[in-house]
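J.: Sharing a structure here in structure tokens format.
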Amino acid sequence: MFGNGVTISVEPEINYHLEKLIRESAIVEETNYHQCPYNAYHKISEGKLPVHLPKCQKLYKSDNKKICPYNITHIIDEHELEAHLLTCETRPIYDRYMRSQKLNQNNDVPKFEPLTSKTSWDDEPPVLTYNPQQYCLANPVCRSLKGASRLRRLAFRKFERKRIAAIKARISSEI
Ligand SMILES: [Zn+2]
Ligand SMILES: [Zn+2]
């Protein structure tokens, strides 16, 4: 006998296993669903939370609910927000991401290394000021265009290939 009153006439043993299976699958389903913080009757699967929550937020326009800055699916009562921010399980992930972003930025900054040589710079022969853009333009160094659109990058790469080929041809003709 099932909860909804339907009886399936099968062997008692099979029936037992069927009921057991249905009971167990019901438990699995239950744990995969979240209760909507705006309406306790809404049961939402994890994947649908980011779509469902903003909808209900608009619908119920609740002033005493706040969205966790680390995860938009965390809707917290205003007076509990402070405590939530300290224990939010998404926060370590967010912090790690922010740290990795900072590290990437630092990679672009050249490291300062103090001079160890005792040689006075005045003794060295005069050297022309090094202009990296000029140097790259005149030498077979592959440059790259950062932050440009895909089309511009493609055009730039084509231009670079021609430029480097021309420089290489010139160098081999000079040898
Ligand atoms: Zn809802
Ligand atoms: Zn949170």
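Read left to right, the sequence shown gives residues 11 to 185 (our numbering). Even for Gly, the Cβ is constructed at its ideal location relative to N, Cα and C.
Take residue 69 as the anchor and find which of 47, 57, 82 and 105 has the nearest alpha-carbon.
T.: Per the Cα distances, 47.
J.: Tell me the rounded alpha-carbon separation between residue 78 and residue 94.
T.: Cα to Cα, residue 78 sits roughly 8 Å from residue 94.
J.: In three-state DSSP terms, what is residue 76?
T.: Residue 76 falls in the strand class under three-state DSSP.
J.: Quick check: does the Cβ of residue 114 come within less than 7 Å of any heavy atom belonging to ligand 1?
T.: Answer for residue 114: no, Cβ out of range of ligand 1.
J.: Exposed or buried, which one is residue 164 when buried takes at least 16 other CB atoms within 10 Å?
T.: Residue 164 should be labelled exposed.
J.: Are residue 100 and residue 80 closer than 8 Å when you measure CB to CB?
T.: Yes; because the gap between Cβ atoms is below 8 Å, this pair is in contact.
J.: Among all the DSSP beta bridges, which residues are the ones paired with residue 183?
T.: According to DSSP, which records beta bridges pairwise, residue 183 is partnered with nothing at all.
J.: Taking Cβ positions, are residue 82 and residue 60 nearer each other than 8 Å?
T.: The answer is yes: Cβ separation under 8 Å.
J.: Helix, strand or coil for residue 70 per DSSP?
T.: Correct three-state label for residue 70: helix.
J.: Verify the contact flag: residue 107, CB atom, against every heavy atom of ligand 2, threshold strictly below 7 Å.
T.: Every heavy atom of ligand 2 is 7 Å or more from the Cβ of residue 107, so no.
J.: When the distance is taken between beta carbons, is residue 71 closer than 8 Å to residue 86?
T.: Result no, Cβ atoms of residue 86 and residue 71 do not sit closer than 8 Å.
J.: Give me the Cα-Cα distance between residue 65 and residue 43, rounded to the nearest whole angstrom.
T.: The straight-line gap from Cα to Cα measures roughly 17 Å.
J.: Ends of the alpha helix (DSSP H) at residue 94?
T.: 91 to 97 is the extent of the alpha helix (DSSP H) around residue 94.
J.: Under a Cβ-count criterion, where at least 16 other Cβ atoms within 10 Å of its own Cβ denotes burial, should residue 63 be classed as buried or exposed?
T.: It is buried - the Cβ of residue 63 has at least 16 other Cβ atoms within 10 Å.
J.: Per DSSP, residue 86 is paired with what?
T.: DSSP output for residue 86 lists 76 as bridge partner(s).
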